[in-house]
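Student: Protein sequences appear in the order of chains P and Y. Last residue of the first sequence: 429 in this note's numbering, with the numbers rising by one and none dropped. Last residue of the second sequence: 232 in this note's numbering, with the numbers rising by one and none dropped.
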Amino acid sequence: MFVRMIAKAFLRQWKKMLMIAFTIALGASLATAMLSVMMDVEDKMNQELKAYGANITVVPKSASVISDLYDVGDENVSGTYLKEDELGKIKTIFWAFNIVDFTPFISTEVTLDNGDKGQVTGTWFNHHMDLPTGEELDAGIASLRSWWTITEGEWLDEQGSHSGDYAMVGTLYAQRENLSVGDKIHVTGSAADKELEVVGIFDAGGDEDDLIYVPVDTAQELGGLEGKIDSIEVSALTTPDNELAVKAARDPSSLSVSQYETWYCTAYVSSICYQIEEVITDSVASAVRQVADSEGQILNKTKLLMILITILSMVGAALGICNLVTASVMERSQEIGLMKAIGAHNPAITALVLAEVMCTAVIGGIAGFYAGIGFAQIIGHSVFDSAISIRPMVVPVVGVLVAIVTLIGSIPAIRMLLNLRPTEVLHGR
Amino acid sequence: MSLLELKNVSKIYGSLHALDHVSLKVEKGEWLAIMGPSGSGKSTMMNIIGALDKATEGEILLDGVDIAKKNARALTDIRRDKIGLIFQQFHLVSYLTAVENVMLAQYYHSVPDEKEALEALDRVGLADRAHHYPSQLSGGEQQRVCVARALINYPEIILADEPTGNLDEANEEIVVELFRKLHMDGTTLVVVTHNPEVAEVAQRTIVLRNGRVDHEMINENFTGKIKHITLQ
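1. Please state whether the Cβ-Cβ distance between Phe102/P and Val234/P is less than 8 Å.
2. Checking contacts by CB at 8 Å: is Ala327/P closer than that to chain Y?
3. Taking DSSP as the reference, what is the three-state secondary structure of Tyr13/Y?
4. Whose C-beta lies closer than 6 Å to the C-beta of Val325/P among residues of the same chain, with five residues either side of it excluded?
5. When you compare the CB positions of Gly211/Y and Ala18/Y, do they come within less than 8 Å of one another, or not?
6. Could you please tell me which residues of the stretch 340–371 of chain P, in chain order, have their CB closer than 8 Å to any CB of chain Y?
7. Sorted by chain position, which residues of the same chain lie with C-beta nearer than 8 Å to Lys225/Y's C-beta, five sequence neighbours on each side aside?
8. Going by DSSP in three states, Asp113/Y sits in which element: helix, strand or coil?
9. Three Cβ pairs or more, each shorter than 8 Å: is that satisfied between the stretch 236–244 of chain P and the stretch 214–221 of chain P?
10. Just the C-alpha distance for Val111/Y and Ile373/P, rounded to the nearest angstrom, thanks.
11. Determine the contact status of Ala249/P and Ala25/P, defining contact as a CB-CB distance below 8 Å.
12. Quick check: Phe90/Y and Leu426/P, are their CB atoms within less than 8 Å of each other?
13. Taking just the CA atoms, how far does Thr205/Y sit from His236/Y?
14. From the DSSP output, in three-state form, read off Met17/P for me.
15. Helix, strand or coil for Pro215/P per DSSP?
16. Starting from the C-beta of Lys227/Y, find all residues in its chain whose C-beta is less than 7 Å away, skip the five residues before and the five after it, and write them out in chain order.
17. Please state whether DSSP places Trp95/P in a helix, a strand or coil.
18. Classify Arg391/P as helix, strand or coil using the three-state DSSP reduction.
19. If distances are taken between C-alpha atoms only, which option among Thr406/P, Pro396/P, Ile276/P and Leu352/P comes closest to Leu418/P?
20. Note down the Cα distance separating Asp77/Y from Gly39/Y, rounded to an integer number of angstroms.
21. In chain P, what lies closer than 7 Å to Met1/Y by C-beta?
22. In chain P, which residues lie with their C-beta within 9 Å of the C-beta of Arg79/Y?
23. Excluding the 5 residues flanking Leu144/P on each side, which residues of the same chain have their C-beta closer than 7 Å to its C-beta?
24. On the CB-based measure, 16 or more other CB atoms within 10 Å of its CB, does Arg415/P come out buried or exposed?
25. Thinking Val402/P and Gly365/P are a contact (beta carbons under 8 Å), I'd like their distance in whole angstroms, please.
26. Quick check: is the beta carbon of Val124/Y nearer than 8 Å to any beta carbon in chain A?
27. If distances are taken between C-alpha atoms only, which option among Ile349/P, Glu86/P and Met393/P comes closest to Val37/P?
28. With a threshold of 8 Å, are at least 3 pairs of Cβ atoms found where one atom belongs to the stretch 171–182 of chain P and the other to the stretch 192–203 of chain P?
29. Please classify Cys265/P as buried or exposed, where buried requires at least 16 other C-beta atoms within 10 Å of its C-beta.
30. May I ask you to report which of helix, strand or coil DSSP gives Asp282/P?
31. Kindly identify the DSSP beta-bridge partner or partners of Glu233/P.
32. Let me know the secondary structure DSSP gives Asp81/Y once reduced to three states.
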């Protein structure tokens with residue numbers, strides 16, 4: 001009888017039920033879309049934020065100490081270096097998958113033909129590596145400094161036509177020395193001298209515009225620094241810092257065993273730095289705080305925005321349900337009064353009304369969920385140019401949200417139902 | 001012992017005494033009609049007897065139990081188990097068929113039994129209309145469904161509030177005839193009505209005025225003779 005009554009009540013007031021289902025679907029679709037984007041946004045945002053460059057720098061331990069003590073910036077005054085042959089190990093750490101890109105730097109002082117002292121920086125442009133894991137990697141400054149614009153010529157192609165003594169120069173340096181693509185720069189290092197052909201002029205918008213960039217091995221030959229590098233810049237996908245990450249960044253040994261495991265197995269920038277230090281001998285890896293903090297803040301704010309939209313959509317849905325269910329109960333007050341008059345207790349009538357609303361909620365929730373997946377994909381393609389992957393966790397979360405919102409939205413109607421006196425509706429008194 | 005006994009029952013709304021120290025006895029198997037002008041307290045009395053409302057003061061003994069002291073939940077149980085209600089506006093659930101409307105009362109009482117519900121409809125002459133919706137039934141047919149619903153749980157007493165108020169003469173005749181049959185079967189009937197023709201077929205009629213029992217009339221042996229008794 002109960003099922004028959006629900007089914008028939010559904011058919012009788014299908015327009016109202018459709019409105020309730022639509023309201024729930026609207027809330028559920030927004031919640032699904034926002035939760036899906038929120039759960040996937042970290043990876044998406046991380047990938048977007050990688051355009052802003054490396055978020056980890058690795059330097060020799062002694063250079064780090066001197067830098068901390070005397071604030072000498074990036075200049076390698078310690079005379080200690082990292083080993084180039086250990087670079088591949090960066091892709092063997094626990095969070096290797098999160099290492100998006102990295103490139104080494106080695107600077108050496110040179111003398112130009114006019115007698116001026118200058119600096120040549122060796123780096124990877126599009127370096128190809130066969131990793132110890134058997135994988136292959138193409139990394140370098142071309143992808144790490146994606147905001148550099150080539151004003152003349154092209155990127156130095158290490159793997160192709162530019163293997164040898166080639167260079168890229170910044171716009172300021174090119175203007176000062178009146179250089180164009182194809183021109184030669186004769187530089188004399190402490191160990192060798194070389195004739196570098198300019199293949200590209202770049203505009204970095206910073207200090208780099210006054211520098212000469214050459215492949216790592218060229219710089220090493222000039223300075224007699226074979227196999228040595230000054231620093232490494234690493235771009236990694238990271239999880240925004242929390243209290244645990246901050247505590248660990250200060251001193252990992254202060255963590256308990258379980259905290260340590262949690263921290264080590266989470267892609268915090270500090271845990272990735274720690275793992276890099278484990279594989280690069282005598283190194284100190286530190287987060288580029290401006291980038292790392294910005295990433296964390298942007299991610300947290302984006303997530304907060306998504307949560308707020310989800311809450312607002314659910315509040316809106318609850319208000320809509322509240323109006324519609326209350327209107328439905330008011331419309332059916334005589335029917336409810338009659339049920340009470342012939343012996344129905346309040347819980348039985350409440351169960352009947354709630355069952356109707358919950359059935360509607362299930363239909364609306366399912367429709368809203370699938371609509372929400374669609375919305376999420378629209379957001380993914382229009383904002384991130386890629387699909388949003390729907391996490392299984394979204395299903396129970398949206399289910400619980402829909403149930404809670406439906407119940408909360410039904411409270412005023414249930415209160416009205418409980419307070420309804422049969423005499424008032426059956427006799428009009 | 002009377003099936004129903006009201007002792008000095010009053011219902012007061014602010015300064016209005018809808019019922020003013022009313023005392024009344026209804027014996028088992030009796031057919032009582034309650035008459036009176038609008039505002040005389042008929043429906044208030046009906047609501048109080050029907051456990052739909054609570055008296056401000058006084059005792060209401062139904063089958064020896066004082067229902068005036070019962071809480072809302074207990075009153076619901078009393079309505080369910082002991083009282084059959086018939087309304088002027090029928091109050092059938094529009095999306096349920098005639099037989100389902102009868103089964104609704106069974107559902108809230110015990111277990112719905114379609115066969116028994118169909119038998120109840122057969123008793124009121126509606127076996128062939130059992131699967132029609134209220135909108136497909138005439139007023140008289142709807143009221144007969146209402147009677148079947150009131151009877152289905154074998155109540156101690158049937159309370160009918162203006163049962164013919166919305167019916168034409170032909171249907172009024174049918175419903176009155178139905179009441180006559182119920183009375184002959186031993187059912188206790190209390191019928192509130194404006195209609196003297198409905199009242200005069202009852203065994204006894206009380207007339208309310210200003211919340212008090214103004215006078216009582218007894219229909220002797222259903223001969224049409226009415227004995228007039230004026231009360232204090």
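Every residue, glycine too, gets a C-beta built ideally from N, C-alpha and C.
Tutor: Straight from the coordinates:
1. yes
2. no
3. Three-state result, Tyr13/Y: strand.
4. Val357, Ser410 and Ala413
5. yes
6. Lys340, Ala341, Ile342, Gly343, Ala344, His345 and Ala348
7. Per-residue confidence for Lys225/Y stands at a pLDDT of 43, beneath the threshold of 50, marking its modelled position as unreliable; no derived number is given.
8. coil
9. no
10. Taking C-alpha positions only, Val111/Y is separated from Ile373/P by approximately 45 Å.
11. With respect to Ala25/P, Ala249/P sits apart: the two C-beta atoms are not nearer than 8 Å.
12. Contact flag unset, no.
13. What the structure shows of chain Y is the stretch from 1 to 232, and residue 236/Y is not part of that stretch, so it cannot be assessed.
14. helix
15. strand
16. With a pLDDT of only 46 at Lys227/Y, under 50, the local geometry of the prediction cannot be trusted, and the value read off the model is given with reservation. For Lys227/Y, where only same-chain residues beyond five positions count, the Cβ hits under 7 Å are Met217, Ile218 and Glu220.
17. coil
18. coil
19. If we check each option's Cα against that of Leu418/P, Leu352/P comes out closest.
20. Those two C-alpha atoms are separated by around 29 Å.
21. Within 7 Å Cβ-Cβ: nothing; Met1/Y doesn't reach chain P, min ~24 Å.
22. Among the residues of chain P, those whose CB is under 9 Å from the CB of Arg79/Y are Lys340, Ala341, Ile342, Gly343 and Pro422, following chain order.
23. Gly53, Ala54, Asp101, Thr103, Glu233 and Ser235
24. exposed
25. 4 Å
26. Going by chain labels, chain A is absent from the structure shown, which instead holds the protein chains P and Y.
27. Met393/P
28. With a cut-off of 8 Å, the stretch 192–203 of chain P and the stretch 171–182 of chain P count as touching, because enough Cβ pairs lie within range.
29. Label assigned to Cys265/P: exposed.
30. coil
31. Thr57/P and Thr103/P
32. helix
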